[in-house]
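Everything on this sheet refers to the single structure shown next.
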Amino acid sequence: MQSHQNEWIPITPLEQMTNKEYDVLIVGSGAGGGAALWRLCEQWKNNDKRIGLLEAGDLMLPTHGQNLSTMNVDRLLNEYFPKVSTHLGRRLPEYPDATLVFALGGRTLFWSAASPRIPVFEMKKWPVTAKEMNFYYNIAEKIMNVTPFFAQGSSMQNTMLERLKKNGFLEAIDLPMAVNLKGIQYGQINSDAFFSSIHFLAYALNWRPFDLAVNSRVVQVVIDKGKAAGVHVISPDKKSCFIRGKTVVLSASALETPRILLYSGIQGPAIGHYLTNHSLLRATGKISRKNFSEEVLGNLVINIPQTKHSPFQIQIFGPEKHYAYQQFEEKPFLEELRIAINTFGKVESRFENSVYLDFSERDEYGIPKIQVNFSYSETDNMIIQQMAQAKVQAALAMKLSLISQGDSPPISLMPPGNDYHESGTCRMGDDPLTSATNRFGQIHGIPGLYVADNSVLPSIGAANPTLTTISLAIRTADYILQQLG
Ligand SMILES: Cc1cc2nc3c(=O)[nH]c(=O)nc-3n(C[C@H](O)[C@H](O)[C@H](O)COP(=O)(O)OP(=O)(O)OC[C@H]3O[C@@H](n4cnc5c(N)ncnc54)[C@H](O)[C@@H]3O)c2cc1C
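Here the sequence shown is numbered in this note's numbering, starting from 4 and rising by one per residue.
This is the structure in structure tokens:
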């Protein structure tokens, strides 16, 4: 029987793409790649420019997994995600929980949609001004439907925010979430609530044509006369081809983008270095329902952002996995409720934390795999200790008792990579000795070659990175628009 699995979005065969020369070729369709595509299509509308999008993975989900009626948080993240994601960390002793999703949409198909901004004081050394960041944050938040009202009206949220504030956590706020809360009106369907990069593709499709090839792994960028000229791509049947592009935007993630650059022989002392993430302490607290007077408690989605004196953020989700759940699922009436408290710590950007090519191990295409050098500095470890203390205080403030999960202690430091926030491996900056790209995301000294994904973030403080990656990818697209006219 014929399979129609691949028909929810137009796909262009890779061979057809070899016959064209693209004005812009984007590599990877996750947060950064999707945002760059969206902006180019939005601004160019239907002109004669050619845009190509090359994605290593296949079509997996046509929307964020949380929007599927048959999924809930548990089924999505504990059952489906481990089956379809690639646990790269298995062979990375110093970065054991690194996990990528090779599929159209990348990791945005599964992300939790937490979208805080990086505080201005964390961006002081960035090559982009706070004013400009504010401009691009506004664009990104609008297109991603970022809202502080995800738990609006929830009595549990109100009670816990009040308790936190009364007990010294004055900064506690409703966590900004990239979720469309609008209902259906006048025939406009807003059912695709959780944001994913598929939204970018949907907008782009309605503005103008672009070519999308899936199962197309980019392995090298080709430079001709000092400028980007295209990419070498390998298909699953191991056929290699060259796709011509005057501008190439690498958006393959902070682990895969440096791999492509390094394998292309592109020189730059910062490429692959300054790998940054968040140290992550997870804990679960329990509380009796008797603590709350209302029968309907609602959900809990709180952020205690980083401050100058507390270089970490605390995110609180609950009860159980019902901070988000399907209309088709009945919430059980539980006497005892569990709340997740995740604390993300700032990690210093250090040269020695790096991604490099390991020529002793190759993938099925013969390309060297990556290896990672990574450790926490003394300062990072001091922050981790501060985080543990703050977590205990936050739990006390909310009247939660911390509990052990299986064999783990009540507060567990997760292995590096578990936060999924790796970034910085092609960071932006003015000095080519300490940055891989210039302030617009262009690789130093190579016109036409750009990076737009988590790798360009110069630092991330303690905030979840995706909103910032999307803002910078839109900014890089604007720069490309200026260059190409
Ligand atoms: C379960 C989960 C929860 C998360 N929650 C949050 C959250 O609440 N807030 C937050 O800010 N972040 C969160 N994240 C992290 C977030 O998903 C990432 O920060 C974001 O997706 C990174 O964007 P990116 O463009 O760098 O990479 P990705 O989104 O991973 O996209 C990379 C894309 O490149 C493709 N690719 C890779 N190599 C190649 C190649 N050689 N050729 C062609 N294509 C290639 C991949 O298939 C993929 O489509 C979460 C992640 C997970 C997994």
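Note that beta-carbon positions come from the ideal geometry of N, C-alpha and C, so glycine has one too. Source: prediction; values computed, not measured.
{"Check": "Anticipated Cβ contact below 8 Å, A273 with T437, distance rounded", "Outcome": "6 Å"}
{"Check": "Three-state secondary structure assigned by DSSP to Q309", "Outcome": "coil"}
{"Check": "Stretch-stretch touch, CB-based, cutoff 8 Å, three pairs: the region 333 to 353 with the region 311 to 322", "Outcome": "yes"}
{"Check": "Heavy atom of ligand 1 within 7 Å of E82 beta-carbon", "Outcome": "no"}
{"Check": "Within 8 Å, strictly: CB atoms of T250 and A231", "Outcome": "yes"}
{"Check": "Any 3 or more C-beta pairs closer than 8 Å across the region 371 to 390 and the region 289 to 303", "Outcome": "no"}
{"Check": "Outcome for V123 when other beta-carbon atoms lying within 10 angstroms are tallied against a minimum of 16", "Outcome": "exposed"}
{"Check": "Alpha carbon of G171 to alpha carbon of L452, nearest angstrom", "Outcome": "48 Å"}
{"Check": "Length of the line joining the Cα atoms of S380 and G420", "Outcome": "16 Å"}
{"Check": "Collapsed DSSP secondary structure at N81 in the structure displayed", "Outcome": "helix"}
{"Check": "Residues near A397 by beta carbon distance below 7 Å, same chain, minus five either side", "Outcome": "L167, F172, I307, I317 and I344"}
{"Check": "Environment of N9 [buried if 16+ CB atoms lie within 10 Å]", "Outcome": "exposed"}
{"Check": "Buried versus exposed, by CB contacts within 10 Å (16 or more), M159", "Outcome": "buried"}
{"Check": "Three-way DSSP call (helix, strand, coil) for T437 in this model", "Outcome": "coil"}
{"Check": "C-beta contact flag for M147 and A181 at 8 Å", "Outcome": "yes"}
{"Check": "Beta strand (DSSP E) segment containing F138, residue limits", "Outcome": "Element bounds for F138: not the beta strand (DSSP E) but the alpha helix (DSSP H), A133 to I146."}
{"Check": "Per-residue DSSP class, three states only, for P418", "Outcome": "coil"}
{"Check": "Extent of the continuous beta strand (DSSP E) to which T346 belongs", "Outcome": "E339 to G348"}
{"Check": "Simplified DSSP assignment, three categories, for T162", "Outcome": "helix"}
{"Check": "Near ligand 1: H204 beta-carbon under 7 Å from a heavy atom", "Outcome": "The sequence as given places Leu at residue 204; His does not occur at that position. Checking every heavy atom of ligand 1 against the Cβ of L204, none is found closer than 7 Å."}
{"Check": "H235: first and last residue of the uninterrupted beta strand (DSSP E) it sits in", "Outcome": "K230 to I237"}
{"Check": "Exposure of S474, with buried meaning 16 or more beta-carbon neighbours within 10 Å", "Outcome": "buried"}
{"Check": "Span separating the alpha-carbon of D481 from that of L40", "Outcome": "11 Å"}
{"Check": "W114, buried or exposed, once every other Cβ within 10 Å from all chains shown has been counted against 16", "Outcome": "buried"}
{"Check": "Neighbourhood of T382 by C-beta, 7 Å cutoff - its chain only, sequence neighbours within 5 removed", "Outcome": "E351"}
{"Check": "Where the alpha helix (DSSP H) containing G60 begins and where it ends", "Outcome": "Segment: none, G60 is in no alpha helix (DSSP H) and carries neither H nor E."}
{"Check": "P96 classed as buried or exposed, judged by whether at least 16 other C-beta atoms fall within 10 angstroms", "Outcome": "exposed"}
{"Check": "CA nearest to the CA of V221, picked from R353, S254 and A465", "Outcome": "S254"}
{"Check": "Alpha carbon of P314 to alpha carbon of Q389, nearest angstrom", "Outcome": "9 Å"}
{"Check": "V221 beta carbon near ligand 3 (any heavy atom closer than 7 Å)", "Outcome": "Of the ligands this structure carries, namely ligand 1, none is ligand 3."}
{"Check": "DSSP three-state assignment for G31, whether helix, strand or coil", "Outcome": "coil"}
{"Check": "Three-state class that DSSP yields for M494 in the structure shown", "Outcome": "As shown, the chain starts at 4 and ends at 488. That puts residue 494 outside it, with no answer to give."}
{"Check": "The region 256 to 273 in contact with the region 437 to 447 per 3-pair CB rule at 8 Å", "Outcome": "yes"}
{"Check": "The region 419 to 435 / the region 454 to 461 touching (three or more Cβ pairs under 8 Å)", "Outcome": "yes"}
{"Check": "C-alpha distance - A101 paired with K334, whole-angstrom precision", "Outcome": "33 Å"}
{"Check": "Sub-8 Å separation of V217 and E58 beta-carbons", "Outcome": "yes"}
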